[in-house]
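Be aware that the sequence shown starts at 93, since it is given in my numbering, and climbs by one per residue.
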Amino acid sequence: MSIDNKREMLTGNAAAAWGARLAEVDYVPTYPITPQTEIIEKLVYWINNGEMDAMFVSLESEHSMITAAGAANVTGVRVFTATSSQGLLYGYEMLYTVVGWRAPFVMVNVSRGLSAPITLEPDHNDILSARDTGFLQIHCESCQEILDSILIAYKLAEDERVLLPVLVNFDGFHLSFTREPVEIPDIKEVRSFLPAYTSRHAFFKASQPSSQGVAVLGGFAYTYFKYQMHLASRNSLNVYKEIAGEFEDVFGRRHGVVEEFMMENAEYVLIMTNSFSTIGKAAVKKARAKGIRIGLLRIRMIRPFPGTDIQAALRGKKAVAVFDQNISVGKGGILFSEIAGCMYNERERPVLLSFIGGLGGKNVSPEEFEVIFAHLQKANKTGATSDPYLLYTKEEWNGMENLKKIAGRNG
Numbered sequence: 093m094s095i096d097n098k099r100e101m102l103t104g105n106a107a108a109a110w111g112a113r114l115a116e117v118d119y120v121p122t123y124p125i126t127p128q129t130e131i132i133e134k135l136v137y138w139i140n141n142g143e144m145d146a147m148f149v150s151l152e153s154e155h156s157m158i159t160a161a162g163a164a165n166v167t168g169v170r171v172f173t174a175t176s177s178q179g180l181l182y183g184y185e186m187l188y189t190v191v192g193w194r195a196p197f198v199m200v201n202v203s204r205g206l207s208a209p210i211t212l213e214p215d216h217n218d219i220l221s222a223r224d225t226g227f228l229q230i231h232c233e234s235c236q237e238i239l240d241s242i243l244i245a246y247k248l249a250e251d252e253r254v255l256l257p258v259l260v261n262f263d264g265f266h267l268s269f270t271r272e273p274v275e276i277p278d279i280k281e282v283r284s285f286l287p288a289y290t291s292r293h294a295f296f297k298a299s300q301p302s303s304q305g306v307a308v309l310g311g312f313a314y315t316y317f318k319y320q321m322h323l324a325s326r327n328s329l330n331v332y333k334e335i336a337g338e339f340e341d342v343f344g345r346r347h348g349v350v351e352e353f354m355m356e357n358a359e360y361v362l363i364m365t366n367s368f369s370t371i372g373k374a375a376v377k378k379a380r381a382k383g384i385r386i387g388l389l390r391i392r393m394i395r396p397f398p399g400t401d402i403q404a405a406l407r408g409k410k411a412v413a414v415f416d417q418n419i420s421v422g423k424g425g426i427l428f429s430e431i432a433g434c435m436y437n438e439r440e441r442p443v444l445l446s447f448i449g450g451l452g453g454k455n456v457s458p459e460e461f462e463v464i465f466a467h468l469q470k471a472n473k474t475g476a477t478s479d480p481y482l483l484y485t486k487e488e489w490n491g492m493e494n495l496k497k498i499a500g501r502n503g
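#1: Which term fits Q417, buried or exposed, when burial requires 16 or more other beta carbons within 10 angstroms of its beta carbon?
#2: List the endpoints of the continuous beta strand (DSSP E) containing N327.
#3: Hey, would you say L259 sits closer than 8 Å to M199, going by beta carbons?
#4: With distances taken between CB atoms, is the gap from M157 to G192 smaller than 8 Å?
#5: Taking the straight line between their C-alpha atoms, what separation do you get for N494 and G449?
#6: Give the straight-line distance between the Cα atoms of D118 and M147, rounded to the nearest whole angstrom.
#7: Do the CB positions of A222 and L267 come within less than 8 Å of each other?
#8: With a CB to CB cut of under 8 Å and the five nearest residues on each side skipped, what residues in its chain are close to A115?
#9: Looking at the secondary structure, which residues open and close the beta strand (DSSP E) in which S150 lies?
#10: Please report how far the alpha carbon of Y360 lies from the alpha carbon of G425, in whole angstroms.
#11: Where does A174 sit, in a helix, a strand or coil, going by DSSP?
#12: Just checking my contact of T103 with E130 at CB under 8 Å: how many whole Å lie between their CB atoms?
#13: According to DSSP, which residues form a beta bridge with Y481?
#14: Is the number of C-beta pairs between the region 388-402 and the region 352-369 that are closer than 8 Å three or more?
#15: Assign S153 to buried or exposed, taking buried as 16 or more other Cβ atoms, counted over all protein chains shown, within 10 Å of its Cβ.
#16: With respect to the alpha helix (DSSP H) encompassing G399, which residues constitute its N-terminal and C-terminal limits?
#17: Could you please give the first and the last residue of the uninterrupted alpha helix (DSSP H) stretch that includes T474?
#18: Please say whether D263 and V214 have beta carbons closer to each other than 8 Å?
#19: Just to confirm, is the Cβ distance from R395 to Q229 under 8 Å?
#20: Can you find the residues in the same chain that come closer than 8 Å, C-beta to C-beta, to F269, ignoring five residues on each side of it along the sequence?
Here it is, written out as structure tokens:
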């Protein structure tokens with residue numbers, strides 16, 4: 093395969109496909125689902141045209157797709173697959189299984205709100221529901237970051253200190269179909285960073301037929317293996333930082349476990365993830381111009397959770413707003429709970445506020461960010477409420493009332 097270093101306008105889906113192509117994956121098991129399908133279509137086009145040397149198989153469900161991905165991976169081949177929303181949930185059983193197999197493949201999730209009611213727009217309940225499976229999670233803000241993250245994810249997953257699968261997440265529609273300039277690196281540079289997959293931990297080889305069965309084990313053995321997965325996941329934080337340094341040396345782009353934006357001398361902090369962080373950065377710039385000393389902390393790696401890095405970034409701040417594009421029904425924002433947990437034992441911790449917005453891709457306006465910043469400054473003096481604030485404008489409320497009238501419902 094000959095690829096010259098070049099810059100193109102790519103959708104997020106196309107950037108993901110390029111990541112898999114540059115990683116020179118061997119096997120692509122798939123099942124289509126909106127808004128992920130374009131990734132698979134592009135890979136199929138390249139495979140059929142002989143531009144990509146890989147086996148493509150379309151399976152009957154995401155459950156089978158993830159099973160096939162893990163099974164192929166433990167034979168020693170590099171595997172890529174992708175899903176979204178309900179598809180991730182459909183294969184949920186196998187997420188835990190392939191982690192237990194210690195199968196180091198990469199799966200993209202293109203975030204989309206979960207039914208019911210149904211939507212095609214993004215929020216993060218799908219990907220965050222998988223946070224306890226054992227998959228590592230990298231969350232992307234831009235199309236360039238998608239391509240880069242897939243290359244980093246393979247090197248991380250296949251490291252012998254880790255050997256766990258990785259989910260690379262980005263927002264449906266807001267990023268999957270948005271074209272941005274993306275640097276497509278030369279294949280020789282990629283190979284210098286990501287060598288061919290030659291895992292010494294492959295369970296099966298075609299030249300040596302064998303069979304294995306999963307034994308029913310007692311609690312002491314089960315605990316041992318589960319904790320080994322946990323330790324490997326925690327190890328991956330330091331391994332990731334090594335790899336991020338190597339990636340920067342080769343390609344000149346840095347991707348940390350968190351990103352600090354305008355955090356110098358900040359008194360207040362807005363915490364966000366994924367593509368809506370771009371909107372948040374614009375709001376922070378505007379607030380800075382008005383004299384409000386605020387910065388933005390973007391959480392890029394969510395599993396393992398980079399608690400130490402977050403603690404260091406928030407140390408000495410007056411108040412922090414956690415923007416959750418998700419809702420744990422009956423509890424509130426998922427990331428807020430995780431941030432609160434990691435800050436609990438800090439001697440001097442900032443006031444924490446919880447905001448929920450962007451559900452189902454709902455827009456977050458500049459005015460809503462101004463509300464967040466106003467609450468931050470007030471909370472520094474009065475303290476914080478434990479209840480989350482729902483970002484919902486008067487116009488949106490009136491629109492909902494009109495919909496209820498159309499439906500013939502007044503309640």
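Every residue, glycine too, gets a C-beta built ideally from N, C-alpha and C. Fair warning: this is a prediction, and the values are worked out from it, not measured in the lab.
So, from the data block:
#1: Here the question's residue 417 lines up with position 325 in the sequence shown. By the neighbour-count rule (16 or more Cβ atoms within 10 Å), Q417 is buried.
#2: By one-based count along the sequence shown, residue 327 stands at place 235. Where N327 is concerned, there is no enclosing beta strand (DSSP E), although the alpha helix (DSSP H) it sits in stretches over G311 to F343.
#3: Reading the sequence shown from its first residue, position 167 is the one you call residue 259. Reading the sequence shown from its first residue, position 107 is the one you call residue 199. Contact: yes.
#4: For the purposes of this step, residue 157 is taken as the residue at position 65 of the sequence shown. For the purposes of this step, residue 192 is taken as the residue at position 100 of the sequence shown. Not a contact, by the Cβ cut-off of 8 Å.
#5: For the purposes of this step, residue 494 is taken as the residue at position 402 of the sequence shown. For the purposes of this step, residue 449 is taken as the residue at position 357 of the sequence shown. Cα-Cα distance, rounded: 21 Å.
#6: As a first step, residue 118 must be located in the sequence shown, where it is residue number 26. As a first step, residue 147 must be located in the sequence shown, where it is residue number 55. Looking at the two C-alpha atoms, the distance is approximately 6 Å.
#7: Along the sequence shown, read from residue 1 onward, the residue named residue 222 stands at position 130. Along the sequence shown, read from residue 1 onward, the residue named residue 267 stands at position 175. Contact flag unset, no.
#8: For this step, residue 115 is matched to residue 23 along the sequence shown. Only R170, F172, V198, I242, L243, Y246, V282 and L286 meet the Cβ criterion.
#9: Residue 150 sits at position 58 when you count from the first residue of the sequence shown. Per DSSP, S150 belongs to the beta strand (DSSP E) from M147 to S150.
#10: By one-based count along the sequence shown, residue 360 stands at place 268. By one-based count along the sequence shown, residue 425 stands at place 333. One C-alpha to the other measures close to 19 Å.
#11: Start at 1 with the first residue of the sequence shown, and residue 174 comes out as number 82. Reduced to three states, the DSSP call for A174 is strand.
#12: Residue mapping note: residue 103 aligns to position 11 of the sequence shown, counting from 1. Residue mapping note: residue 130 aligns to position 38 of the sequence shown, counting from 1. T103 to E130, Cβ: 7 Å. Contact.
#13: On the sequence shown, position 389 is the one that residue 481 refers to. In the DSSP output, where bridge partners are listed per residue, Y481 has F447.
#14: Contact check between the region 388-402 and the region 352-369: three or more CB pairs, one atom from each, fall below 8 Å, which counts as touching.
#15: Here the question's residue 153 lines up with position 61 in the sequence shown. The residue is exposed, with fewer than 16 neighbouring Cβ atoms inside 10 Å.
#16: The residue given as residue 399 occupies position 307 in the sequence shown. Segment G399 to L406, the alpha helix (DSSP H) holding G399.
#17: Position 382 of the sequence shown, counted from the first residue, corresponds to residue 474. Its alpha helix (DSSP H) spans residues P458 to T474.
#18: The count along the sequence shown starts at 1 and reaches residue 214 at position 122. The count along the sequence shown starts at 1 and reaches residue 263 at position 171. In the sequence on display, residue 214 carries Pro and not Val. Yes.
#19: Residue mapping note: residue 395 aligns to position 303 of the sequence shown, counting from 1. Residue mapping note: residue 229 aligns to position 137 of the sequence shown, counting from 1. Yes; because the gap between Cβ atoms is below 8 Å, this pair is in contact.
#20: If you number the sequence shown from 1, residue 269 lands on position 177. Same-chain partners within the cutoff: T103, G104, N105, P127 and E130.
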